[in-house]
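Protein chains in written order, with my numbering: chain A, 12 to 349; chain B, 459 to 849. Just so it is clear, CB atoms sit at the ideal spot from N, CA and C, and this is done for glycine as well. Here's the structure, in structure tokens; my notes come after.
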Amino acid sequence: MIARANIYIGVVALLFLAPQRAGAQSTVDAVKSKGFIQCGVNTGLAGFSQPDSKGEWRGIDVDLCRAVAAAVFGDGGKVRYTPLTAQQRFTALQSGEVDILSRNTTWTISRDTSLGLNFVGVNYYDGQGFMVPKKLNIKSTKQLNGATVCVQPGTTTELNLADYFRANKMKFKPVVFEKLEEALHAYFAGRCDVFTTDVSGLVAVRASRAPSAADHVILPEVISKEPLGPAVRHGDDRWFDIVKWSLFAMIEAEELGLTSANVEQNLNSSNPVIQRFVGATGDVGKMLGLDNRWAFNLVKQVGNYGESFKKNLAPLGFDRGINKLWNQGGLMYAPPIR
Amino acid sequence: MLNPFPRLACSLSNERCRNVAYQSLLALAVGLAAWYFAANAAANLQERNIASGFRFLWREAGFEISETTLFSYSAADTYLRALAVGLLNTFRVAVVGIALATVLGSVIGLARLSRNWLLAKLAASYVELIRNVPLLVQLFFWYSIITENLPAPAQALNPLPGVFLSNRGVAFPVPRPHSAYVWIGAALMAGVVLAIMLKRWAWHGRQGMDRRFPIIAAGAAATIGFPLALYLGAPLEWSRPALTGFNFSGGAALSPEFAALLAGLIIYTAAFVAEIVRAGIMAVDRGQFEAADALGLSSRQTMRFVILPQALRVIVPPMTSQYLNLTKNSSLAVAIGYPDLVSIANTMMNQTGQAIEGVAIIMLVYLTISLTIAAFMNWYNRRVLQRGGDA
């Protein structure tokens with residue numbers, strides 16, 4: 012109940028907060044004066060954002076927030092996390108409760124426009140899939156007519172699900188749970204025949220939550236495009252730029268071959284592209300209003316995109332797939348840092 | 459010369475003037491606060507580029523809802539219709555819940571007053587246990603009992619012919635729709651009207667308790683008899699549930715979510731109702747029992763004509779708050795996946811981002827429901843006070 016109250020707190024905040032005047036303080040100034048970044052993450056999705064056994068948050072969505080902290084403060088540890096359910100996430104960002112929403116959130120036009128958010132980019136290209144118990148012996152989503160489906164409300168998943176069954180003239184019964192834990196509990200207890208979410212989520216929960224991972228299969232059809240990425244509030248261009256280029260710097264670092272292990276030696280690299288990246292030449296950092304070694308700090312402390320993927324997602328059985336770099340046949344592509 | 463401002467003679471030392479002045483000030487302050495919040499929210503929304511207004515209610519909702527009451531609904535319908543489905547789902551659980559919680563609560567309250575030691579202690583432990591465990595925990599408990607312990611549809615339990623119990627809920631046969639059912643409905647209405655008229659007549663014609671007309675029996679006969687006669691004459695066909703594919707189709711079904719929510723609300727609220735009933739009866743002076751005894755009334759007559767009319771005066775007002783509580787507690791449905799008003803509104807807020815409008819709708823709806831229940835109970839309370847009741 013306490014968690015659910017957040018959406019209402021957000022509403023109250025919108026009623027009470029004094030509106031910011033044009034040209035008023037940017038989030039970056041607010042973040043600098045309070046000394047940390049408040050990062051909205053998933054309540055617990057292995058590989059994306061989940062506390063480890065020591066209570067430290069881990070995952071690629073967490074790494075994005077740490078990367079921004081490293082760029083802004085030179086210290087990736089200056090992040091505090093707010094776990095958010097699917098239903099709370101947008102209100103939490105809108106009302107200023109969090110500075111970045113980095114919570115496996117699909118970038119769509121309605122969210123980008125009418126919700127008052129700006130998506131900065133994509134840190135995981137995903138698509139929606141279906142998981143069923145192996146014993147049902149189902150091979151394709153086309154066999155799911157009449158099935159009971161566990162799904163989380165307020166997600167693109169819920170809408171795609173209805174669209175897909177409508178388009179294929181099939182019927183289904185949804186059972187919706189706000190919390191992933193409850194939805195999974197119901198699916199594993201047999202309340203639903205099918206669990207649906209992004210394929211990344213299916214892989215993660217099958218590896219981390221299923222009583223026996225081998226008893227569940229993910230069906231081959233992927234029914235939607237789900238570009239997942241971090242978002243910030245609309246109308247704060249300085250903060251938007253900083254978060255956007257922090258994400259790009261992680262991708263660019265991988266392309267340049269810079270890792271947390273070797274970036275130190277590359278401070279004296281003779282490659283002019285790398286020189287600009289690590290801040291040895293040029294003033295890219297100043298353009299963002301940050302220290303010129305922002306990208307160096309980011310790679311040094313958090314690592315490049317590939318490292319983050321390998322550390323967080325590969326152990327769960329994730330394949331790089333379309334999330335490879337563009338020059339290796341994937342979609343990860345950062346505009347030039349110059 | 460005439461005073462051009464005769465009303466200015468009104469000063470703060472005059473009590474009526476003072477009251478008017480203070481009340482105007484208060485009204486002004488409330489109005490200003492409301493204006494401030496509205497203007498502030500509008501400015502915040504505009505500055506953050508968040509859409510506002512209620513036009514979104516007529517857009518396509520795009521999500522499915524697992525169960526509906528009376529209405530049909532599909533993902534192609536509007537948000538407004540989705541909200542109506544949620545509201546009716548709330549009504550369904552609240553109406554059934556209030557009726558059953560009252561019955562169960564009264565039985566337990568009476569049991570707690572029983573002279574049978576075991577029965578009284580059992581009722582007391584029920585009240586203490588249930589009242590002191592949070593409702594949310596109880597809901598999870600009932601829900602997991604259903605989903606974890608019942609078998610899958612393919613191995614469904616079959617306790618009665620045609621009735622199937624599985625972790626998808628209870629599926630049971632229902633009569634197939636037939637044109638005669640309209641007439642049965644009409645006969646039911648006619649029976650109810652007749653029963654009310656009978657009661658009026660019996661009330662006026664009554665001289666004393668010993669010459670009572672058997673109003674309950676006659677009323678029940680009228681209410682049930684007519685439709686039953688028609689029903690038995692009509693061709694009766696059953697729609698039976700049968701396992702097809704993933705689940706049962708045909709017949710009717712109660713979902714585990716509805717069952718768990720209903721069970722949780724009834725059992726929880728009944729504990730409070732029991733205490734209210736007990737307190738109401740204990741509030742009646744012991745002498746009233748003895749006097750009724752001395753008059754030679756049977757224990758049923760004592761309860762009905764002496765004790766309950768007096769106890770109801772104590773019972774009805776706190777009962778109103780229990781009914782309001784049950785209705786509002788039904789919003790915990792969201793935790794176990796029952797699509798009530800709050801659950802649907804939460805989803806809607808998330809899909810459209812229009813949280814202020816969504817919360818306003820939820821508040822308005824619950825306020826309306828609560829005020830309606832309160833108005834009805836106040837009317838009933840006045841009636842109990844005036845006429846001494848006819849329980």
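Can you list, in chain order, the residues of its chain whose CB lies under 6 Å from that of residue i, leaving out five sequence neighbours each side?
| i | result |
| --- | --- |
| residue 681 of chain B | 649, 650, 653 |
| residue 37 of chain A | 247, 249, 250 |
| residue 742 of chain B | 765, 768, 769 |
| residue 341 of chain A | 333, 334, 335 |
| residue 266 of chain A | 336 |
| residue 97 of chain A | 163, 165, 166 |
| residue 136 of chain A | 238, 333, 334, 342 |
Around the Cβ of residue i, are there at least 16 other Cβ atoms within 10 angstroms (buried) or fewer (exposed)?
| i | result |
| --- | --- |
| residue 146 of chain A | exposed |
| residue 544 of chain B | buried |
| residue 415 of chain B | An answer regarding residue 415 of chain B cannot be provided, because it is not within the stretch 459 to 849 covered by chain B. |
| residue 522 of chain B | buried |
| residue 211 of chain A | buried |
| residue 528 of chain B | exposed |
| residue 180 of chain A | exposed |
| residue 273 of chain A | exposed |
| residue 33 of chain A | Bear in mind that a pLDDT of 43 at residue 33 of chain A, under 50, signals an unreliable position, so the number given afterwards is only what the model happens to contain. The residue in question, residue 33 of chain A, is exposed, as its Cβ has fewer than 16 Cβ neighbours within 10 Å. |
| residue 241 of chain A | buried |
| residue 807 of chain B | buried |
Is there a C-beta anywhere in chain B that falls below 9 Å from the one on residue i?
| i | result |
| --- | --- |
| residue 245 of chain A | yes |
| residue 207 of chain A | no |
| residue 295 of chain A | no |
| residue 263 of chain A | no |
| residue 152 of chain A | no |
| residue 47 of chain A | no |
| residue 148 of chain A | no |
| residue 204 of chain A | yes |
| residue 223 of chain A | no |
| residue 110 of chain A | no |
| residue 36 of chain A | no |
| residue 211 of chain A | no |
| residue 25 of chain A | yes |
| residue 215 of chain A | no |
| residue 249 of chain A | no |
What are the boundary residues of the beta strand (DSSP E) that residue i is part of?
| i | result |
| --- | --- |
| residue 271 of chain A | That residue, residue 271 of chain A, is in no beta strand (DSSP E); it is neither H nor E in DSSP. |
| residue 707 of chain B | 705-707 |
| residue 142 of chain A | 139-144 |
| residue 716 of chain B | Element bounds for residue 716 of chain B: not the beta strand (DSSP E) but the alpha helix (DSSP H), 714-740. |
| residue 292 of chain A | Segment: none, residue 292 of chain A is in no beta strand (DSSP E) and carries neither H nor E. |
| residue 702 of chain B | 700-702 |
| residue 627 of chain B | 627-630 |
| residue 852 of chain B | The structure shown has nothing for residue 852 of chain B, since chain B only spans 459 to 849. |
Using a C-beta cutoff of 9 Å, does residue i count as contacting chain A?
| i | result |
| --- | --- |
| residue 596 of chain B | no |
| residue 805 of chain B | yes |
| residue 502 of chain B | yes |
| residue 811 of chain B | yes |
| residue 599 of chain B | no |
| residue 710 of chain B | no |
| residue 471 of chain B | no |
| residue 771 of chain B | no |
| residue 733 of chain B | no |
Specify, as a first and last residue, the run of the alpha helix (DSSP H) that residue i falls within.
| i | result |
| --- | --- |
| residue 603 of chain B | 593-607 |
| residue 801 of chain B | 799-810 |
| residue 475 of chain B | 473-505 |
| residue 49 of chain A | Residue 49 of chain A -> not in any alpha helix (DSSP H); beta strand (DSSP E) instead, spanning 48-53. |
| residue 8 of chain A | The question about residue 8 of chain A has no answer, for chain A in this structure spans 12 to 349. |
Considering only residues of the same chain and omitting the five flanking positions on each side of residue i, which have a CB-CB separation below 8 Å?
| i | result |
| --- | --- |
| residue 526 of chain B | 543, 546, 547 |
| residue 300 of chain A | 39, 249, 253 |
| residue 842 of chain B | 767, 770, 771, 774 |
| residue 524 of chain B | 713, 715, 795, 797 |
Ignore the nearest five residues each way along the sequence and tell me which others in residue i's own chain have a CB closer than 7 Å to its CB.
| i | result |
| --- | --- |
| residue 76 of chain A | 48, 50, 90, 111, 113 |
| residue 514 of chain B | 537, 810, 812 |
| residue 554 of chain B | 720 |
Between residue i and the ligand SAH, is there a pair consisting of the residue's CB and a ligand heavy atom that are separated by less than 8 Å?
| i | result |
| --- | --- |
| residue 579 of chain B | Ligands are entirely absent from the displayed structure, and the ligand SAH is therefore not among its contents. |
In chain order, each alpha helix (DSSP H) run of at least 4 residues that lies wholly inside the stretch 169-208 of chain A: The stretch 169-208 of chain A contains these whole alpha helix (DSSP H) runs: 191-199.
If we require 3 or more residues per run, which beta strand (DSSP E) segments fall completely within the stretch 512-583 of chain B? Here no run is fully enclosed.
Which runs of the beta strand (DSSP E) spanning at least 3 residues fall entirely within the stretch 66-115 of chain A, listed in chain order? Entirely contained in the stretch 66-115 of chain A, the beta strand (DSSP E) runs reaching 3 residues are, in chain order, 90-95.
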